[in-house]
Amino acid sequence: MKKLVSVYKTSGGRSQTWSYQNPGEGKAPEDIQAILEKMTLLNLFEKDGEKLYNQVVGAKYIETVETVIF
Numbered sequence: 033m034k035k036l037v038s039v040y041k042t043s044g045g046r047s048q049t050w051s052y053q054n055p056g057e058g059k060a061p062e063d064i065q066a067i068l069e070k071m072t073l074l075n076l077f078e079k080d081g082e083k084l085y086n087q088v089v090g091a092k093y094i095e096t097v098e099t100v101i102f
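Count along the sequence shown from 1, add 32, and you get the number used in our numbering.
Here you go:
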């Protein structure tokens, strides 16, 4: 299973992650960054007056391999 994990800075300077399960793999890094930066324009994600997705810091793919043992 593969997922895209992005890291943001909150308006308070803390780290916040967001992940997307089973992302498509045909996009250029610049396109992915542009899409993730659109989340910073939304004012939907706040906690205790702090904007959770204020600035994109980075993103990576994480792949998990599951092995059934019985």
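For each residue, glycine too, the CB sits at the ideal point set by N, CA and C.
Check	Outcome
Minimum C-alpha distance to Trp50 - residue among Ile67, Asp63, Glu62	Ile67
Per-residue burial, Lys83 [other beta carbons within 10 Å of its own, 16 or more giving buried]	buried
8 Å CB neighbourhood of Tyr85 in its chain, flanking five on each side removed	Tyr40, Thr42, Gln48, Trp50, Met71, Thr72, Leu74, Phe77
Burial state of Ala91 (16 or more Cβ within 10 Å)	buried
Spatial neighbours of Ile64 in its chain, beta-carbon cut-off 8 Å, leaving aside the 5 residues before and after	Leu36, Ala91
Rounded straight-line distance, which links the Cα of Lys79 to that of Gln87	16 Å
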